[in-house]
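Each residue of the sequence shown is one higher than the one before, starting from 5 at the first, in our numbering.
All C-beta atoms in this analysis are idealised placements derived from N, C-alpha and C, irrespective of residue type, glycine included.
Here the structure comes first, spelled out in structure tokens, and everything after it is commentary.
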Amino acid sequence: MMLSERLEAISGRMDAACAKAGRAPESVKLVGVSKTFPLERLKDAAAAGLTVFGENKAQELASKCTEWADPPKGIEWHFIGHLQRNKASLVAAHANVFHALDSVRLARALQRQCEQADRTLTCFLQVNVSGEESKFGVDPSEVGAMLAQVAEFDRLDVRGLMTLAAPTPDPEDVRPQFARLRELARHHDASGRFPLEALSMGMSGDFEVAIEEGATHVRIGSAIFGSRY
């Protein structure tokens with residue numbers, strides 16, 4: 005199947021999931037997880053209509069942004085992986101959105117780099133709703149405290165929450181995790197202090213369930229770009 009056909013198939017499944025949930029298709033953004041794929045594959049995806057690319061290595065993000073100096077209008081770069089503080093300058097310089105804010109120390113480093121770059125960075129707070137020790141993210145019980153601390157950083161615009169669900173062959177198994185993230189956002193948004201309007205959750209194997217539970221951003225890689233080598 006051609007990349008354009010895979011992208012069309014994913015878009016159709018997203019639309020169907022939105023219809024099932026009574027949501028408008030435009031309420032969900034597709035983040036094409038382009039990590040490890042060559043730039044030419046990204047250009048092919050852009051020609052087929054993909055506008056948002058997700059990277060998880062800061063140096064790879066910087067290299068692709070530098071090499072693709074004149075991308076089509078509307079292209080966005082989202083950084084979706086764990087970020088070390090010593091790489092904060094690369095994300096501050098190149099990313100439009102950062103999906104994995106998971107500590108105050110990282111927030112402070114990004115604030116400093118965004119000040120130097122004279123940019124504001126849209127962020128998601130990463131929450132470990134699955135409870136897996138191997139996963140990064142704030143514990144659900146600490147979300148409020150983390151939001152309060154990050155609020156002092158005026159160059160970071162925290163718009164929502166992100167999670168990585170536990171791997172499972174049945175996407176229904178992770179529905180409770182997506183629902184919990186949605187309820188966390190609703191709870192903290194209701195306070196009026198933190199307008200958490202976005203939810204980054206769902207990947208190639210479970211994005212339809214994530215959409216049904218309120219995802220505004222789904223991160224899909226292999227189902228669009230094919231297998232990684």
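Flag this pair as yes or no: are the beta carbons of residue i and residue j separated by less than 8 Å?
| i | j | result |
| --- | --- | --- |
| residue 167 | residue 33 | no |
| residue 37 | residue 215 | no |
| residue 2 | residue 176 | Residue 2 is absent from the model: the chain starts at 5 and stops at 233. |
| residue 104 | residue 85 | yes |
| residue 35 | residue 222 | yes |
| residue 164 | residue 110 | no |
| residue 77 | residue 59 | no |
| residue 50 | residue 228 | no |
| residue 185 | residue 133 | yes |
| residue 208 | residue 231 | no |
| residue 142 | residue 154 | no |
| residue 159 | residue 119 | yes |
At which residues does the beta strand (DSSP E) containing residue i begin and terminate?
| i | result |
| --- | --- |
| residue 161 | 160-166 |
| residue 33 | 33-37 |
| residue 204 | 202-204 |
| residue 40 | No beta strand (DSSP E) holds residue 40; DSSP gives it neither H nor E. |
| residue 129 | 125-130 |
| residue 223 | 221-224 |
| residue 59 | 56-59 |
Since residue i is in the alpha helix (DSSP H), which residue starts that stretch and which ends it?
| i | result |
| --- | --- |
| residue 116 | 108-121 |
| residue 188 | 179-194 |
| residue 212 | 211-216 |
| residue 17 | 7-25 |
| residue 67 | 62-71 |
| residue 133 | Counting along the chain, residue 133 falls outside any alpha helix (DSSP H), and DSSP gives it neither H nor E. |
| residue 154 | 147-154 |
With a CB to CB cut of under 8 Å and the five nearest residues on each side skipped, what residues in its chain are close to residue i?
| i | result |
| --- | --- |
| residue 152 | 197 |
| residue 102 | 82, 83, 87, 95, 114, 125, 126, 127 and 128 |
| residue 64 | 39 and 40 |
| residue 112 | 157 |
Say yes only if the C-beta of residue i is nearer than 7 Å to one or more non-hydrogen atoms of the ligand MN, and no if none qualify.
| i | result |
| --- | --- |
| residue 27 | Here there are no bound small molecules, and the ligand MN is not part of this structure. |
Going by beta carbon distance, what residues of the same chain come within less than 6 Å of residue i, once the five residues before and after it are set aside?
| i | result |
| --- | --- |
| residue 62 | 91, 94 and 95 |
| residue 181 | 133, 134 and 169 |
Between residue i and the rest of its own chain, which residues show a CB-CB distance below 7 Å, the 5 nearest in sequence each way excluded?
| i | result |
| --- | --- |
| residue 100 | 80, 81, 82 and 126 |
| residue 8 | 52 |
| residue 210 | 169, 175 and 178 |
| residue 10 | 227 and 228 |
Checklist entry - Are the stretch 165-180 and the stretch 90-97 touching, with three or more C-beta to C-beta distances below 8 Å? => result Contact fails: fewer than three Cβ-Cβ distances are below 8 Å.
Next on the checklist: Measuring CB atoms only, is the stretch 138-153 touching the stretch 186-206, in the sense that at least three cross pairs come out at less than 8 Å?
Outcome noted: yes
Item to check | Completely contained alpha helix (DSSP H) runs for the stretch 76-104, where each covers 4 or more residues | outcome: Within the stretch 76-104, the complete alpha helix (DSSP H) runs of at least 4 residues are 92-98.
Next on the checklist: So, does the stretch 42-51 touch the stretch 71-79, judging by three or more C-beta pairs under 8 Å?
Outcome noted: yes
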